[in-house]
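For what it's worth, our numbering labels the leading residue of the sequence shown as 5, then goes sequentially.
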Amino acid sequence: MKKILLITFIFVYSIFYSANGKIDFDIAKNFESENSDIYQLIKTDIINEFYSDNSFFKYNISFSLLNGISDEQLQDNAYIISRPDFTFEIPSMNLLSTYLISNISFREVFYDFYSQAFNLRIGRFDLNTGTGLYYSPSTNLQANDYKGVFTNDEKIPMDGLKIQGFLNDIALEGYFTAVNKYDNPDYKSKQELLIFTEKSKKIMTFEPTMTISKMIDGKNSKISYEDLNLGIKGNMNFFGINTTIGYYRDHYHFKLPQDINLNMDRTNNKVRILLNGEINSNDPMIGPIIDGMKIKDTIDASGMIIDTIQSTSTLYTPYRNIITLDLEGTIPIDGFTWHLDSAYYIPQKKESTYRTNYTEKDSIYEIDVTFESTPTKTDEDNTDTIIKQKNYIENFKTRNYSENKKFFKENYFKYVFGLEYMKNDFTIGIEYFNSLSNQHFKFTPGISPYISYKNSDFDIQFGTLIGFDINNSKITPAYTFTGDIKYIGEKLFEVGFSFLYTLIDDKTHPMYTNKQLNGIKLQLTGYF
5 MKKILLITFI FVYSIFYSAN GKIDFDIAKN FESENSDIYQ LIKTDIINEF YSDNSFFKYN
65 ISFSLLNGIS DEQLQDNAYI ISRPDFTFEI PSMNLLSTYL ISNISFREVF YDFYSQAFNL
125 RIGRFDLNTG TGLYYSPSTN LQANDYKGVF TNDEKIPMDG LKIQGFLNDI ALEGYFTAVN
185 KYDNPDYKSK QELLIFTEKS KKIMTFEPTM TISKMIDGKN SKISYEDLNL GIKGNMNFFG
245 INTTIGYYRD HYHFKLPQDI NLNMDRTNNK VRILLNGEIN SNDPMIGPII DGMKIKDTID
305 ASGMIIDTIQ STSTLYTPYR NIITLDLEGT IPIDGFTWHL DSAYYIPQKK ESTYRTNYTE
365 KDSIYEIDVT FESTPTKTDE DNTDTIIKQK NYIENFKTRN YSENKKFFKE NYFKYVFGLE
425 YMKNDFTIGI EYFNSLSNQH FKFTPGISPY ISYKNSDFDI QFGTLIGFDI NNSKITPAYT
485 FTGDIKYIGE KLFEVGFSFL YTLIDDKTHP MYTNKQLNGI KLQLTGYF
């Protein structure tokens, strides 16, 4: 109730006192989803700005209403909307499998102070990105918001401070934040846990009927001095080349398993009955046949099999030192420019331990049963059953598997190099990258050609992302095609159409996850 009142107050206040903003209305079709055909998104950004002689304050609040996501897709709605600060999931009354998801995000909330010596910004804000278009290796501290493939390297805002100043002809910027945010969505830890589980199956002889899992944050979500993130960069013109050099000491925006302990137990509960004795009968017909018959038999009754896996995982966020270099220049051909956006990573080389303990236990409940039959005067059998002995037997079989692994074994280099030609309203270019934006262990190189045209009425953009997965000397390409066509002829209104489609069938390819974004979208935007 308190959250609803807070959101209502913020929304009403923003409507009456905001200076400007925009509202988006999207209707989209997802080609890959089996749970939902069409989704509808209504999103509004409300912006307010306040000025004084030596200060500036701004906030940008985003409200989103998403319809058409089914219960199975709730965890995947992050691909459609940015990571929210507050989320409400409301099932539809007439179709319980469809949800209305309401989100509110404080996209920007910051205060600037200006002086002759320096400028200071505190709050939540975005950092300036590097020259790379597909992504910017030199832009750090912020986590990635993977809403799509071509999002101009969309980032989750940083909570902290920025200070700007000048040293002769060098423009300096320093950053600090005590909060490390995580990529949205983050599959790194899940992938590593699954890889280890697959390895562990080589010593398993059963599929578990019951699994108990526990995941522990190594630092228990507390902030310590080891979690602090900072950076500094300087920009200057060096022989006609726009040059930016930086250094960052921060953390990766995903967690890795430090210790994984899997305890696998199989319990076979059986009942064994030992039968022995002598049968006598007064029946004149069968008595002569069975009198004195000895019984000596063992019956193994079927029992219950219980299989369990208890998993305890301790996660940690590795730190890193990064040296960045971002260059941009021209070549002696009219209209051509080039850029190199790069970073050299020195990661924390911490060893992780995987342990699997497999125990198979046979629990046998053994009962010794003796039958004693004696004749009676009524010619009826009188059988006494005597349980002479009970035994409980347990046999154990154990197997163990362990592995030590370093996720980061050595330092590595990431870069994006691009060449672009621009003339009037027309732009064409191509970039080469040595890894995908979210890769840090295995690199997939590729190219990204693009073309755009923009005038006073239309904004048209087409792009292609081609990634080459190299595995055992085999090269497997994947293709992602994007297009965005907008009519911008009206001052306060835009209408556009966009699509994204990925071609790849190999599920092990790093770009395979892009397929869940395959779809088309109609977007209407109004400004106020």
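Just so you know, even glycine gets a beta-carbon here, dropped at the ideal spot from N, CA and C.
None of these values were measured; they are calculated from a predicted model.
Terminal residues of the beta strand (DSSP E) in which residue i lies
i: M426; result: 416-427
i: V183; result: Note, V183: premise wrong, no beta strand (DSSP E); not H, not E.
i: G240; result: Strictly speaking, residue 240 in this sequence is Met, with Gly absent from that position. First-last of the beta strand (DSSP E) with M240: 233-242.
i: E435; result: 430-437
i: A121; result: No beta strand (DSSP E) contains A121, which DSSP labels as neither H nor E.
i: L165; result: 162-171
i: H255; result: 245-255
i: D30; result: 24-34
i: K47; result: 42-55
Distance CB(residue i)-CB(residue j) smaller than 7 angstroms
i: N265; j: R359; result: yes
i: I245; j: G333; result: yes
i: T135; j: D338; result: no
i: S441; j: L469; result: no
i: G450; j: G433; result: no
i: R111; j: N64; result: yes
i: Y457; j: I464; result: yes
i: L507; j: I31; result: no
i: G235; j: L145; result: yes
i: N273; j: Q314; result: no
i: D89; j: S109; result: yes
i: T448; j: P514; result: yes
i: D237; j: T247; result: Reading the sequence as shown, one finds Lys at residue 237 and not Asp. It is not a contact, given that the beta carbons lie outside the stated cut-off.
i: F35; j: G523; result: yes
Span separating the alpha-carbon of residue i from that of residue j
i: K185; j: D461; result: 39 angstroms
i: D429; j: E158; result: 25 angstroms
i: P564; j: K410; result: Here the chain comprises residues numbered 5 to 532, so residue 564 is not present and cannot be evaluated.
i: S66; j: R270; result: 52 angstroms
i: Y483; j: L45; result: 27 angstroms
i: Y531; j: F243; result: 42 angstroms
i: L528; j: G487; result: 16 angstroms
i: F60; j: E53; result: 7 angstroms
i: T133; j: H255; result: 18 angstroms
i: R498; j: I489; result: In the sequence under discussion, the amino acid at residue 498 is Glu, which differs from the Arg named in the question. Spanning the two alpha carbons is a distance of roughly 10 angstroms.
i: S101; j: R253; result: Here S101 scores only 49 on pLDDT, less than 50, and its place in the model is too uncertain to base an answer on.
i: Y436; j: K478; result: 20 angstroms
i: T402; j: F114; result: 59 angstroms
i: T181; j: L232; result: 6 angstroms
i: A147; j: F258; result: 9 angstroms
i: K62; j: I51; result: 7 angstroms
i: D187; j: D509; result: 25 angstroms
i: Q443; j: I160; result: 18 angstroms
Residue i: CB within 6 angstroms of a non-hydrogen atom of the ligand GTP
i: F114; result: For the structure depicted, the ligand GTP is absent and the ligand set is empty, with no information on it obtainable.
Say whether the segment 471-486 touches the segment 164-182, bearing in mind that this needs 3 or more beta-carbon pairs closer than 8 angstroms, one atom from each stretch.
no
When you compare the segment 122-132 with the segment 158-165, are there three or more beta-carbon pairs, one atom per stretch, that lie closer than 8 angstroms?
yes
On the three-pair Cβ rule with 8 angstroms, is the segment 312-329 touching the segment 347-355?
yes
Please list the segments of the beta strand (DSSP E) lying wholly inside the segment 438-525, counting only runs of 3 or more residues, in order along the chain.
450-458, 462-475, 478-494, 497-507
Under 8 angstroms: do the segment 360-368 and the segment 411-419 share three or more Cβ pairs, one atom per stretch?
no
Residue ranges of each beta strand (DSSP E) run of no fewer than 3 residues wholly in the segment 321-360, ordered along the chain?
323-334, 340-351
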